[in-house]
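Chemist: One structure follows; several queries about it will come next.
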Amino acid sequence: MLVRRNGLLASGLMTGLIMLGACNSTSVPDSDDSVSVVPSAEEDGEEFAYDSKVKVGKLIAETRCSTCHAIGPTGSSPHQDAKPFRQLSENYPVRNLEEALAEGIVVGHPDMPMFVLSPYEIDALITYLESIQEPHPA
């Protein structure tokens, strides 16, 4: 009796898992609040990877930086000493921030907090920053 009950339980569990797998979608709807991790049919791998990094970088900027910096392509920074992110490349290539972000930024505005980012988060944040830079006059 116990063997039969366990067999039925295992069979039911397997059927449930198969049904859940059949319901699984291959795409995730995009929204401003979430990061889509599944490419749509029209996106190739490289474009999807870039777009995903930009979205992750924007999310990092929103959660860790937006209380002081203007993080988008427009607007003023809430903190008067914090440069808007779109203007960072006026002084140096944004990609040069990689080492500073890995080791902890010691410059910036005087009361900038320390934070630690993973190598992927650093790359994503820099990719986002590069995507919003203002054009420089020729």
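In our numbering, the protein residues as written are 299 to 436.
Note that the Cβ used here is the ideal one computed from N, Cα and C, for glycine as well.
Using the three-state DSSP reduction, which class does residue 431 fall into: helix, strand or coil?
Modeler: Counted from its first residue, the sequence shown places residue 431 at position 133. If DSSP states are grouped into helix, strand and coil, residue 431 belongs with coil.
Chemist: To the nearest angstrom, how far is it from the Cα of residue 382 to the Cα of residue 373?
Modeler: As a position in the sequence shown, residue 382 is number 84, starting the count at 1. As a position in the sequence shown, residue 373 is number 75, starting the count at 1. Taking the straight line joining both Cα atoms gives about 8 Å.
Chemist: CB-CB under 6 Å to residue 429, same chain, minus the five flanking residues each way: which ones, in chain order?
Modeler: For the purposes of this step, residue 429 is taken as the residue at position 131 of the sequence shown. For residue 429, where only same-chain residues beyond five positions count, the Cβ hits under 6 Å are 352.
Chemist: Counting beta carbon pairs with one atom in the region 392–399 and one in the region 363–380, are three or more of them shorter than 8 Å?
Modeler: Cβ pair count under 8 Å is below three, so no.
Chemist: If you count every other CB in all the chains shown that lies within 10 Å of the CB of residue 425, and 16 or more means buried, which is it?
Modeler: In the sequence shown, the residue the question calls residue 425 occupies position 127. Result: buried.
Chemist: Please report the distance separating the alpha-carbon of residue 414 from that of residue 356.
Modeler: Your numbering for residue 414 matches position 116 in the sequence shown. Your numbering for residue 356 matches position 58 in the sequence shown. In a straight line, the C-alpha of residue 414 is about 16 Å away from that of residue 356.
Chemist: Within 10 angstroms of the Cβ of residue 367, are there 16 or more other Cβ atoms? Answer buried if so, exposed if not.
Modeler: The count along the sequence shown starts at 1 and reaches residue 367 at position 69. Classification for residue 367: buried.
Chemist: What whole-angstrom Cβ distance do residue 359 and residue 423 have, given they're in contact under 8 Å?
Modeler: Position 61 of the sequence shown, counting from 1, holds the residue named residue 359. Position 125 of the sequence shown, counting from 1, holds the residue named residue 423. Residue 359 to residue 423, Cβ: 6 Å. Contact.
Chemist: Identify the continuous alpha helix (DSSP H) that holds residue 351 and give its terminal residues.
Modeler: In the sequence shown, the residue the question calls residue 351 occupies position 53. 343–362 is the span of the alpha helix (DSSP H), which, as asked, contains residue 351.
Chemist: Taking only runs that begin and end inside the region 357–402, name each unbroken alpha helix (DSSP H) of 4 or more residues, in chain order.
Modeler: Whole alpha helix (DSSP H) segments, 4+ residues: 395–401.
Chemist: Excluding the 5 residues preceding and the 5 following residue 386 in the sequence, name in chain order all residues of the same chain whose CB lies nearer than 8 Å to its CB.
Modeler: Indexing the sequence shown from 1 puts residue 386 at position 88. Excluding positions up to five away in sequence, the list reads 392, 395, 427, 431.
Chemist: Tell me which same chain residues have a C-beta within less than 7 Å of the C-beta of residue 420, skipping the five on either side of it?
Modeler: Counting from 1 along the sequence shown, the entry for residue 420 is found at position 122. Once the five neighbours on either side are set aside, the close Cβ partners of residue 420 are 396, 399, 400.
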